[in-house]
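Undergrad: Numbering (my numbering), first residue to last: 159 to 903. Positions of the beta carbon are idealized from the N, C-alpha and C atoms, including for glycine. All figures in this text were calculated on a predicted structure; none of them were measured in a lab. I have a structure I would like to understand better, so I am pasting it below and will then ask my questions one at a time.
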Amino acid sequence: MITVNADGKIMVRRCLVTLRPFRIFVLGIGFFTLCFLMTSLGGQFSAKRLGDSPFTIRTEVMGALESRGLLRRMSDMLEMLMKRMDILARLENSTDFHRGDEARFPLDRFQPAAGLMERIQAIAQNVSDIAIKVDQILRNSLLNGKVMEGRRDQCEVPRDPKYPDCAGKVEWMRARWTSDPCYAFFGVDGTECSFLIYLSEVEWFCPPLPWRNRTVAVPSPPPKPRAQAAFRRDLARLLELIGTGKESLSFMKKRIRHLAQQWLRAARRLEQRLAGRQRQQKHILIHIGFLTEESGDVFSPRVLKGGPLGEMVQWADILAALFMLGHSLRVTVSLKELQSHLGVPPGRGNCPLTSPLPFDLIYTDYHGLQQMKQHMGLSFKKYRCRVRVIDTFGTEPAYNHEEYATLRGYRTNWGYWNLQPAQFMTMFPHTPDNSFMGFVSEELNQTERQLIKANKVSSMAVVYGKEASIWKGKEKFLAILNKYMEIHGTVYYETQRPPEVPAFVKNHGLLPQHEFQQLLRKAKVSSQHPYAEDFIGKPHVWTVDYNNSEEFEAAIKTIMRTQVDPYLPYEYTCEGMLERIHAYIQHQDFCTAPPAPPSPKTKSPAMQSSPSPLALSPNSTHLVWSPGAGGAPQAWPPVGSLQVWLSEPQHTCTETCRRRGLVCEPTFFRFLNKEEVFLQLSVACDSTELEMNHLYPAVAQHVRECYLQKEPLLFSCAGYNTKYRRLCPCRDFRPGQVALCRDCL
159 MITVNADGKI MVRRCLVTLR PFRIFVLGIG FFTLCFLMTS LGGQFSAKRL GDSPFTIRTE
219 VMGALESRGL LRRMSDMLEM LMKRMDILAR LENSTDFHRG DEARFPLDRF QPAAGLMERI
279 QAIAQNVSDI AIKVDQILRN SLLNGKVMEG RRDQCEVPRD PKYPDCAGKV EWMRARWTSD
339 PCYAFFGVDG TECSFLIYLS EVEWFCPPLP WRNRTVAVPS PPPKPRAQAA FRRDLARLLE
399 LIGTGKESLS FMKKRIRHLA QQWLRAARRL EQRLAGRQRQ QKHILIHIGF LTEESGDVFS
459 PRVLKGGPLG EMVQWADILA ALFMLGHSLR VTVSLKELQS HLGVPPGRGN CPLTSPLPFD
519 LIYTDYHGLQ QMKQHMGLSF KKYRCRVRVI DTFGTEPAYN HEEYATLRGY RTNWGYWNLQ
579 PAQFMTMFPH TPDNSFMGFV SEELNQTERQ LIKANKVSSM AVVYGKEASI WKGKEKFLAI
639 LNKYMEIHGT VYYETQRPPE VPAFVKNHGL LPQHEFQQLL RKAKVSSQHP YAEDFIGKPH
699 VWTVDYNNSE EFEAAIKTIM RTQVDPYLPY EYTCEGMLER IHAYIQHQDF CTAPPAPPSP
759 KTKSPAMQSS PSPLALSPNS THLVWSPGAG GAPQAWPPVG SLQVWLSEPQ HTCTETCRRR
819 GLVCEPTFFR FLNKEEVFLQ LSVACDSTEL EMNHLYPAVA QHVRECYLQK EPLLFSCAGY
879 NTKYRRLCPC RDFRPGQVAL CRDCL
């Protein structure tokens, strides 16, 4: 008895010892059961695909029979577990279990077996409930799947005259939807329905599908008032925005630091002048495309060698001006950052952006413009009106209009973008067709001015031309100049191959910016370009024909006897640039639809329109905006600055206006592109035709044929033909600020 009892006690002890980990397993079965269930339902809760939003989930029925079999196996397992626990319960109720060692093994240290049974029964009931619910989900999902599959099979291309391109786009998608991963990103899977969903909901070539779930449009709340721009007092944050890692960026930051005090003083002065005016803060992206690795970034390695720094000087000044005016900026010099800021979907750039463009304005260059077009899909056409292209030398309308440039042989590597010509922003005011952006020249105090005058070398000239080819054919002109002055140049050359320039030229090679400035300050004469000729003039600028030896030599002698003070035009000061960019941001709007051109009829009787708001000036030489014309249209520049002149056959509109102390203003062409304007200027038109030509509106006076402009993008101040006299829109301008009229600020 004792031996048997002892063995029994030992057996009970062993059972109790192994019961603890077993109980832990049983208590945890509920958690593992649920985990096993959720991970074994054949992807019941899988993400839609890689392109889905992380917040977009769909249930997809896969392996329904396998899911039911899994639930049956789990029920069998629980039933077996309950049977084994029933054996433990009977053992618990035996008398031997309660004898002898109760003090040594108190049962209250463990959960009773009955408690375990209750827990297992509860788990089993939960699994049973889950099985019922999953079965319902599977049935409903299968039913819905059949309905959806039926709809997929029933999708047909709609024939809606409002969407004439729909069928063609669907046909293209059938053949090419796999050519770019961005289509799969938006849900295209090769079915007709997915094509139509994409073309109606992502793009806009097809009508919405009636069976698609669409929430009722709820009127959106009025937009919150935009923050007002406030002039900034510090440039430190801008330097952080520009970033690091490139010599080009280091150069621009160094320039900004150097001119910081001038920017701050200029901002305070302009703020006082604009006191009380509301200035809405704009969200602006600055993407410097030529510094991206994809464009080659050819400038950065040559920065410290005095390479082409003009572009980086201008970009540094643009950044400083936009920041000081108080706008919200983002600066990118990589394609990856550009894609991230724009919301470009993954792929090769054929699809629209994933969300509305978050920027009011984008400043970029031709490299950046090409990158945007390549990666924005249809969104590029939608948002290109917000782009401002920093274009060193400008793009006239004849080169900008793709069809016209192709027909007339004006195609170039930088043209045919079909932008509004004023969206191109130049370094100098080369043509009024573009917007003059400019840059900043360092202002000098009185002491510095006197020092420059004292150190001026009267017999020293600097000829500007960084490439040797620019000097070819100028030997006669240079020889005359060399008779009176020592000639200096900054022609780029490799060490082993000196440039082919005359031997008497002292060539310094490419110089760092500050050394080049010091060279210019010493020189008495420096070669210039049309801006200085047109807007500065004598005594600072002399225009001569260098092919006329006598005229050129006489001008050199006169210059050597003339003393002048250093002169800096206002528009090239920090304040002048701030004023100009402020006016552009507040007033230029290229996203508003332009007015429709006249009806494309060819005969003048069919081209009648409302009476002209223009009237002859008091001296009857030109037209002005009539004071009695009623409410003036919303236009910038204001129409009160408009004057209409008829050019001479050999003059452009740019020259026609300049000869009268005015500037050609292409935005005014729409007010004079009418037949009655010819009549008001006493020009008789035997016929009037509407054609696409960058010289129109104009009159072929010998045959009395008048021509109106058919394509608004071709309104241009540039160009002439001796056959025509052009109608030219002119305006006044602020002293020292040719980009703005007197009332434009």
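1. Does the ligand GDP have a heavy atom nearer than 7 angstroms to the CB of Q792?
2. Is the beta carbon of L422 sitting closer than 8 angstroms to the one on R391?
3. What does the alpha-carbon distance come out to for the pair S805 and C888?
4. From the DSSP output, which residues share a beta bridge with L781?
5. Taking C-alpha atoms, which residue in A479, G484, R413 lies nearest to A385?
6. How big is the Cα-Cα spacing for K456 and L493?
7. Going along the chain, which residues of its own chain have a beta-carbon closer than 6 angstroms to the beta-carbon of G501, five neighbours each way excluded?
8. Hey, could you find the ends of the alpha helix (DSSP H) V328 is sitting in?
9. Only counting runs of 4 or more residues, tell me where the alpha helix (DSSP H) segments fall wholly within the segment 648 to 698, in order along the chain.
10. Over the uninterrupted beta strand (DSSP E) stretch that includes V545, give me the two end residues.
11. Would you mind reading off the limits of the beta strand (DSSP E) that contains E849?
12. For the segment 779 to 787 against the segment 520 to 535, do three or more pairs of beta-carbon atoms, one drawn from each stretch, fall closer than 8 angstroms, so that the two count as touching?
13. State the beta-bridge partners of P887 as determined by DSSP.
14. Taking C-alpha atoms, which residue in G631, A342, I444 lies nearest to N705?
15. Pick helix, strand or coil for C193, following the three-state DSSP scheme.
16. Identify the residues that DSSP records as bridge partners of F594: which are they?
17. Quick one: what's A858 bridged to in DSSP?
18. Note down, in chain order, each residue of its chain lying with its Cβ closer than 7 angstroms to the Cβ of E560, except the 5 sequence neighbours on either side.
19. Just the Cα atoms here: how many angstroms apart are A876 and Y562?
20. Going by the DSSP bridge assignment, what does Q438 pair with across the sheet?
21. Which of the three DSSP states is assigned to V821 in this structure?
22. What does the alpha-carbon distance come out to for the pair T402 and I610?
23. Pull up the distance between the alpha-carbon of W330 and that of T550, whole angstroms please.
24. Keeping to the same chain, check which residues put their C-beta closer than 8 angstroms to that of F693; ignore five residues upstream and five downstream.
25. For Q838, which of W803, V861, T814 has the nearest alpha-carbon?
26. With DSSP as the reference, identify every bridge partner of S486, one or two as the case may be.
27. On the DSSP bridge list, what partners appear for Q895?
28. Using DSSP with H/G/I as helix, E/B as strand and the rest coil, what is H646?
29. Expressed to the nearest angstrom, what Euclidean distance is found between the alpha-carbon atoms of A751 and C543?
TA: Inspection of the coordinates gives the following:
1. In terms of ligand content, the structure shown is empty, and the ligand GDP therefore cannot be addressed.
2. Going by C-beta atoms, L422 is nearer than 8 angstroms to R391.
3. S805 and C888: Cα-Cα distance of roughly 11 angstroms.
4. Residue pairing for L781: DSSP places it in a beta bridge opposite L774, V802.
5. Selected option, being the one with the closest Cα: G484.
6. Residue identity check: residue 456 is Val in the sequence provided, not Lys. Distance between V456 and L493, taken at the CA atoms: about 16 angstroms.
7. Non-local C-beta neighbours of G501 in its own chain, meaning closer than 6 angstroms and more than five positions away in sequence, comprise L511, T512, S513, ordered along the chain.
8. Run containing V328: 324 to 334, per the alpha helix (DSSP H) assignment.
9. 671 to 680, 688 to 693, all fully within the segment 648 to 698.
10. Membership of V545 in the beta strand (DSSP E) is indicated by the continuous run 545 to 548.
11. Going by DSSP, E849 is part of the beta strand (DSSP E) stretching over 845 to 849.
12. No, the segment 779 to 787 is not in contact with the segment 520 to 535.
13. DSSP lists V802 as the beta-bridge partner residues of P887.
14. Measuring C-alpha to C-alpha distances from N705 to each of G631, A342, I444 identifies G631 as the nearest.
15. Per-residue confidence for C193 stands at a pLDDT of 40, beneath the threshold of 50, marking its modelled position as unreliable; no derived number is given.
16. T584.
17. DSSP output for A858 lists E863 as bridge partner(s).
18. Hits under 7 angstroms: Y574, N576.
19. CA-to-CA, the gap between A876 and Y562 works out to about 15 angstroms.
20. In the DSSP output, where bridge partners are listed per residue, Q438 has Q386.
21. If DSSP states are grouped into helix, strand and coil, V821 belongs with the strands.
22. One alpha carbon belongs to T402, the other to I610, and they sit about 35 angstroms apart.
23. Approximately 39 angstroms between the Cα atoms of the pair.
24. So the list reads P587, P727, V896, once near-sequence residues are dropped.
25. Nearest of W803, V861, T814 to Q838, Cα basis: W803.
26. Answer is H441.
27. DSSP lists R892 as the beta-bridge partner residues of Q895.
28. Looking at H646 - three-state DSSP - the assignment turns out to be strand.
29. One Cα belongs to A751, the other to C543, and the distance between them is close to 10 angstroms.
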